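Here the structure is laid out as C-alpha cells; the discussion comes afterwards.
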Amino acid sequence: MVAILLSLIAATLLFYGLSYRKDVGVITSQIKTTDLNHLQFLTQQMDNNINQLAGSMYALQRDPTIRDYEQITQLGHLIDPAQTIMTVLEKLSLQTSSSTWENRIVLYKPFSGETLGSDSSLSFDVSVLEKPLPAGWEYISEARTGTEAGFRLLLSDPAQETSTPGEAKLLMSMYFPVSNIERMFEAFQSQNKGDTFLFHPSLGVILSRKTDRDMAERITGALKFAAGQSSSDIFNLEEGSFLVSSVPSSAINWKVVHYSPLKQILQPIRSSRYFFLTGSAVLLVMSLIFSLQLYRQVQRPVSLLLRSLNRMKEGRWSTRIYTKTNPEFTMLNREFNDMAEKIQLLIEQVYLEQLRAKDAHLKQLQSQINPHFLYNCLFFIKSKAAIGDTDSVEAMALNLGEYYRYITRVDHSLTTLQDELKLLENYLKIQNLRKQRIRYDMDIQGELLDLQIPRLLIQPLVENSIIHGIERKIGQGFIRITARRIREVIQITVEDNGAGMTAEAIAALQERISETAREDGGCGLWNIQQRLKSYYGEASGLQIAPSPEGGLTTTLRMEKKEEPYAPNSAG
-10 MVAILLSLIA ATLLFYGLSY RKDVGVITSQ IKTTDLNHLQ FLTQQMDNNI
40 NQLAGSMYAL QRDPTIRDYE QITQLGHLID PAQTIMTVLE KLSLQTSSST
90 WENRIVLYKP FSGETLGSDS SLSFDVSVLE KPLPAGWEYI SEARTGTEAG
140 FRLLLSDPAQ ETSTPGEAKL LMSMYFPVSN IERMFEAFQS QNKGDTFLFH
190 PSLGVILSRK TDRDMAERIT GALKFAAGQS SSDIFNLEEG SFLVSSVPSS
240 AINWKVVHYS PLKQILQPIR SSRYFFLTGS AVLLVMSLIF SLQLYRQVQR
290 PVSLLLRSLN RMKEGRWSTR IYTKTNPEFT MLNREFNDMA EKIQLLIEQV
340 YLEQLRAKDA HLKQLQSQIN PHFLYNCLFF IKSKAAIGDT DSVEAMALNL
390 GEYYRYITRV DHSLTTLQDE LKLLENYLKI QNLRKQRIRY DMDIQGELLD
440 LQIPRLLIQP LVENSIIHGI ERKIGQGFIR ITARRIREVI QITVEDNGAG
490 MTAEAIAALQ ERISETARED GGCGLWNIQQ RLKSYYGEAS GLQIAPSPEG
540 GLTTTLRMEK KEEPYAPNSA G
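So the sequence shown is residues -10 to 560, counted in the working numbering.
Structure, rendered in C-alpha cells:
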C-alpha cells in the first residue's frame, strides 16, 4: 500500500509540474472572461436604471396632465388650474419616489419663467436656454451644480420642431447624482477584488470613495478608448501587473472600468502549488498512521451517534446508545441518552400545555381588538329618540345588538368569512347612521365565503380606515373589501380613499407591526399580524401600501392550509 501511494504521488507531482504553467495561462484567460462578464452585468444594471429614469421622463412628456399644464393658460376655462398643478406635482413626486435611484424632475416654461419640481426647493438651470437641445444624458460637474456632480436629461415639447430650448413651450429636466452610480460601484467592489470607476476621454473619471485617483488616472492613460467596444487586458505598470476590463455604457456614453492586481488574483493559484507539494508528503505519512485509528476511535462512534440523531429527528424519542468505546465518546453517548430521555419527558408532559397556552394567547390577542364607539352609539340612540326618529333608533339598536352579539362570543376563535362580512355590514351601517358619508363595496369570490378564518380579523382594518383615514378627510368616504385566492395564497384587501400616509410613515408602521413582542401589549394591527403568523405560519402577514384612491390598501395574506373545524356561527 505504501509503494502504491508513493508511486501515485510521484506521478501526480510530475503531471502537476508539467501542467502548472499551462493551467496558469488558461486560468488567466478564464479570469479575464469572468471579470469582463461581471463588469458587463454591472454596466447593464446601471444602464437599466438610467434607461428606466429616461423612460419615465418620456412617459411624463406625453402625460395628458402634463399636456394640460403646458396649455393651462388656453385651457383655463375648461380645467381647474390649481387642481392641474397639484396633480402634476403629485405625479412628479410619485415618479421620483418610485425609482430606486435618487433623482429630481423640474418642469420649466421659458416664456413665463414658471417652474414646477418634484421638490419645492428645486430650480431650473436657465443657462441651457440659449444652447442647442442636448441629445441624451449630459454630464453636469460639481462646478455647474454647486452641489454634487450628476447627469441631466433635457426634453422639450415633442409637438414642437425646435432644437433651441428657449423657444419651447415647456422644458422637462431630470437630474440624478453620481452618488447612485458610486453606490453600485462600492457594492460591486465589496464582492470583487480591485476598484471600479467611470471614464470619459474628455470629461475625466468618476470615482467611488474607495478608489485611488492616481491609480485610476494611470490606468486610463494606458487604456485605449474605443466607443462601443468592451475589452479585458493585462497592463504592466510600476506597481505591478493589473487586469483591466472596460465596458461602454450605452445609456451615458461613458466607459465602466474595473482593475485588480493580477498578482493578488493569481496568488491563491501559486500558493496552492506549494501547499500541494507539502501537503502531499505530509498527508501520505499521516494518512497511513491515523487512518486505522481514525476509523476505530472516531468514525464508528460518530456514525453511531449520527444514526441515533437521525432517529431522534424522525420522532423516535426512545432511541438510546449503549455501545461502549473510548472514554470521550462513552461520556458523549451517556449525555446523549440523558438528553433523549429529557426530551421525551418534556414532549410528553408539555405538548398539551403548549396547545392550551397557544389557544389562550390567541384568545388574548382577540380580546385586545375591542370596539370603542359604544357610548357614541348610545348617545345617537338618545338623540334620535328625543326627536322621535324611531326608524334610526330601531336601525341603530338592531345593528348594534348584532354587532356585540358577534364580538362577545368566546366559544370558538374561528368563524367563516361570510359571518365576518355580516359583522362588517352591521358595523358599516352603524357608522353610516352616525356619519352618513361612507360608501362601501364588497367583492368576494363565492368559493371563499365558507373559508374558516380567525374571528375579528377584518373589522379592525375597516375601523382603522374610518378613524384614521376617512374621518381625517373632507368629503365622501369609500371602502372596498375584496377577497381572492391566488394559487395557494388567500388575500383579503381593505382599500379606502382616506387621508393616507407618507411612504416613510407606512414603512415605520410596517416595522412596528412586524415586531415579535411589544411591551405595550400591541396595537390592533400588531395583534392581527401575530394571529396571522400563529394560524398560518411566518409566510403570512399584514401588508400596507398606498391606495390608488388616495388612502391606504391593507392586505391580509394567508397561506392556504388545511382549514380547521369551526362550529356554525348561528345563534
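Each residue gets a CB set at the ideal place from its N, CA and C atoms; glycine is no exception.
In this text, all values refer to a predicted model and were calculated from it rather than measured experimentally.
- Runs of the beta strand (DSSP E) spanning 3 or more residues and lying entirely within the stretch 470 to 494 occur at 478 to 485, in chain order.
- Judged by DSSP in its simplified three-state form, Tyr311 adopts coil rather than helix or strand.
- The beta carbons of Pro166 and Gly125 sit no closer together than 8 Å.
- At a Cβ-Cβ threshold of 8 Å, Leu28 and Val245 count as neighbours.
- The residue from Lys158, Val117 and Glu156 with its alpha-carbon nearest to that of Leu142 is Val117.
- Under the 8 Å Cβ criterion, the stretch 183 to 196 does not count as touching the stretch 102 to 122, having fewer than three qualifying pairs.
- For Lys244, the enclosing beta strand (DSSP E) begins and ends at Lys244 to Pro250.
- Your pair Ala492 and Gly458 does not check out as a contact, with CB atoms roughly 16 Å apart and the cut at 8 Å.
- Around the C-beta of Tyr392, 16 or more other C-beta atoms lie within 10 Å, and the residue is accordingly described as buried.
- Under DSSP, Ile533 shares a beta bridge with Thr543.
- Between the alpha carbons of Leu294 and Asn322 lies a distance of about 8 Å.
- With a contact defined as Cβ atoms closer than 8 Å, Leu410 and Met431 qualify at about 6 Å.
- Ser297 and Thr308 do touch by the CB rule: their CB atoms are close to 5 Å apart, below 8 Å.
- Here Glu484 is buried: its Cβ has 16 or more other Cβ atoms, across all protein chains shown, within 10 Å.
- Scanning its chain for C-beta atoms nearer than 8 Å, with the 5 sequence neighbours on each side dropped, one finds around Arg198 the residues Glu171 and Glu175, in chain order.
- By the neighbour-count criterion, in which a residue is buried when 16 or more other Cβ atoms sit within 10 angstroms of its Cβ, Phe4 is exposed.
- A direct Cα-to-Cα measurement between Lys11 and Pro250 gives close to 20 Å.
- By the criterion of at least three beta-carbon pairs nearer than 8 Å, the stretch 264 to 276 is not in contact with the stretch 231 to 244.
- Asn92 counts as buried, since no fewer than 16 other beta carbons sit within 10 angstroms of its beta carbon.
- Counting only residues of its own chain and dropping the five nearest sequence neighbours on each side, Lys373 has a CB closer than 6 Å to the CB of Ser381 and Val382.
- Nearest Cα to Ile336 within the set Leu196, Gly304 and Gly210: Gly304.
- Counted as a single uninterrupted DSSP element, the beta strand (DSSP E) harbouring Leu143 occupies residues Gly139 to Ser145.
- Judged by beta-carbon spacing, Ile94 lies within the 8 Å limit of Leu81, meaning their Cβ atoms are closer than that value.
- Within the same chain, and ignoring the five residues on either side of Ile495 in sequence, the residues whose Cβ sits closer than 6 Å to its Cβ are Ile533.
- DSSP places Gln441 in the strand class (E or B) of the three-state scheme.
- Tyr311 sits exposed, since fewer than 16 C-beta atoms from the chains shown fall within 10 Å of its C-beta.
- Listed as beta-bridge partners of Phe186 by DSSP are Leu196 and Val246.
- With contacts defined as CB atoms closer than 8 Å, Leu417 and Ile442 fail to qualify as a contacting pair.
- In terms of Cβ geometry, Gln338 and Trp306 do not form a close pair [threshold 8 Å].
- Secondary structure of Asp52 (DSSP, three-state): coil.
- Between Leu412 and Tyr429, the C-beta gap is not smaller than 8 Å, which leaves the two residues out of contact.
- In terms of Cα proximity to Ser101, the closest of Glu127, Glu59 and Ser110 is Glu59.
- For Glu414, the enclosing alpha helix (DSSP H) begins and ends at Leu406 to Lys424.
- Taking 8 Å as the cut-off, the Cβ atoms of Leu31 and Ile74 do not count as close.
- Between Pro290 and Phe318 a beta carbon distance of about 4 Å is seen, short of the 8 Å cut, so the two are scored as contacting.
- Taking 4 residues as the minimum length, the alpha helix (DSSP H) runs contained wholly in the stretch 13 to 86 are 53 to 59 and 70 to 86, in order along the chain.
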